[in-house]
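Taking the working numbering, I'd label the letters of the sequence shown as residues 16 to 305.
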Amino acid sequence: MLQKLKDDTLDQYKISLWVYRIDLIHPQVSGNKWYKLKYNLLEAQKQGHQKLLTFGGAYSNHIYATAAAGKIQGIETIGVIRGEEHTPLNPTLQFAVDCGMHLHYMDRATYREKKSPEVLNTLKQIFGSFYLVPEGGSNALAVKGCTEILPEVEESFDVVTTACGTGGTLAGLVAHLPAHQQVLGFPALKGGDFLYDDVEQLLTAYYTAFNLPRETTQNRYRLITDYHFGGYAKKKPELLAFIEHFTTQHQIPLEWIYTGKMFYGLYDLIKKNYFSPHTKILALHTGGIR
Ligand SMILES: *Cc1c(COP(=O)(O)O)cnc(C)c1O
Numbered sequence: 016m017l018q019k020l021k022d023d024t025l026d027q028y029k030i031s032l033w034v035y036r037i038d039l040i041h042p043q044v045s046g047n048k049w050y051k052l053k054y055n056l057l058e059a060q061k062q063g064h065q066k067l068l069t070f071g072g073a074y075s076n077h078i079y080a081t082a083a084a085g086k087i088q089g090i091e092t093i094g095v096i097r098g099e100e101h102t103p104l105n106p107t108l109q110f111a112v113d114c115g116m117h118l119h120y121m122d123r124a125t126y127r128e129k130k131s132p133e134v135l136n137t138l139k140q141i142f143g144s145f146y147l148v149p150e151g152g153s154n155a156l157a158v159k160g161c162t163e164i165l166p167e168v169e170e171s172f173d174v175v176t177t178a179c180g181t182g183g184t185l186a187g188l189v190a191h192l193p194a195h196q197q198v199l200g201f202p203a204l205k206g207g208d209f210l211y212d213d214v215e216q217l218l219t220a221y222y223t224a225f226n227l228p229r230e231t232t233q234n235r236y237r238l239i240t241d242y243h244f245g246g247y248a249k250k251k252p253e254l255l256a257f258i259e260h261f262t263t264q265h266q267i268p269l270e271w272i273y274t275g276k277m278f279y280g281l282y283d284l285i286k287k288n289y290f291s292p293h294t295k296i297l298a299l300h301t302g303g304i305r
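Take a look at the structure:
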């Protein structure tokens, strides 16, 4: 759903801003996570796997969405959770368990090595064979799913914005959009510059997996790294105040981990004349509310 915003800041700086609401597509597998999982679930089934295993922190939206999607698609899910178990479970993990996900806790040192053959072999010894989805769900198939987020719209936007964690969603937008539309990513993590490498690697993986020519992509997007508010899931009073104001004014819910930081950053850039007057911006609402 495309929603046009109207407020004094947009009027004053002569900016047109639309929000594309993929937060509304599904009550549980909300937003970008649905697109990232779509082809992974199909591939798991195609390969005949009964189990899907993935990784995440205790508050991970990806764990939440994977558990819900697994239940819907009838595939067993295993969530390898960073750190030790805390009971009672937080709402994210309780929801995952209620969906039937099996939780496996991993100490932080081992978790850091989760991509190594040793750790994966240990997991295979415990769980048997499984389809592996990386932490945050980003791989070539996730990028393909994210190329389908934006429909072919008549309206031609100059800029498309998204919040970023692993950069998979951003990569999908870059692969999908014509070269004249710029994509701005707002990393929710500190030190977001490392994301350029990750996004380029994801794009390479995507073009390779689908036998597509590798397009030049570096100049098609930019990471805006100033709005992480101290790091992942960190918040500050001005961010919360902005979210409350925005939500009241536009009746669009935001959270402080991803979408709140993106909209805060976007409005701050507008007020700093980052965009020339009459720029048309499409902001992707990636979800995260439940
Ligand atoms: C997971 C998530 C993101 C980050 O997506 P990536 O593809 O990892 O960059 C952004 N917004 C919301 C609401 C999310 O849940």
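For each residue, glycine too, the CB sits at the ideal point set by N, CA and C. Just so it is clear, the structure is predicted and the values come from calculations on it, not from any experiment.
{"Check": "Cut-off 7 Å between Cβ atoms - residues of its own chain near histidine 265, not counting five sequence neighbours on either side", "Outcome": "Leu20"}
{"Check": "beta-carbon threonine 262 near ligand 1 non-hydrogen atom, thresh 7 Å", "Outcome": "no"}
{"Check": "Near ligand 1: cysteine 114 beta-carbon under 7 Å from a heavy atom", "Outcome": "no"}
{"Check": "Distance cut-off 7 Å: leucine 185 Cβ against heavy atoms of ligand 1", "Outcome": "yes"}
{"Check": "In DSSP terms, what isoleucine 96 is bridged to", "Outcome": "Gly71, Tyr120"}
{"Check": "Candidates Ile296, Tyr247, Gly280, of which the one nearest isoleucine 258 by Cα", "Outcome": "Gly280"}
{"Check": "Ligand 1 heavy atom lying under 7 Å from the CB of tyrosine 282", "Outcome": "no"}
{"Check": "Proline 202 (DSSP reduced to helix, strand or coil)", "Outcome": "strand"}
{"Check": "Heavy atom of ligand 1 within 7 Å of lysine 51 beta-carbon", "Outcome": "yes"}
{"Check": "Pairwise C-alpha distance: alanine 124 and threonine 307", "Outcome": "Here the chain comprises residues numbered 16 to 305, so residue 307 is not present and cannot be evaluated."}
{"Check": "Beta-carbon separation (whole angstroms), aspartate 213 vs threonine 240, contact threshold 8 Å", "Outcome": "That belief does not hold up - the Cβ atoms of aspartate 213 and threonine 240 are roughly 13 Å apart, past 8 Å."}
{"Check": "Check: alanine 155 C-beta below 7 Å from any heavy atom of ligand 1", "Outcome": "no"}
{"Check": "Contiguous beta strand (DSSP E) assignments of at least 3 residues, all confined to the region 30 to 64", "Outcome": "31 to 36"}
{"Check": "Length at least 3, wholly inside the region 173 to 202: the beta strand (DSSP E) runs in chain order", "Outcome": "174 to 179, 197 to 202"}
{"Check": "Straight-line gap, leucine 199 to tyrosine 211 (C-alpha atoms, nearest Å)", "Outcome": "12 Å"}
{"Check": "Residue from Thr223, His191, Asn47 with nearest C-alpha to arginine 235", "Outcome": "His191"}
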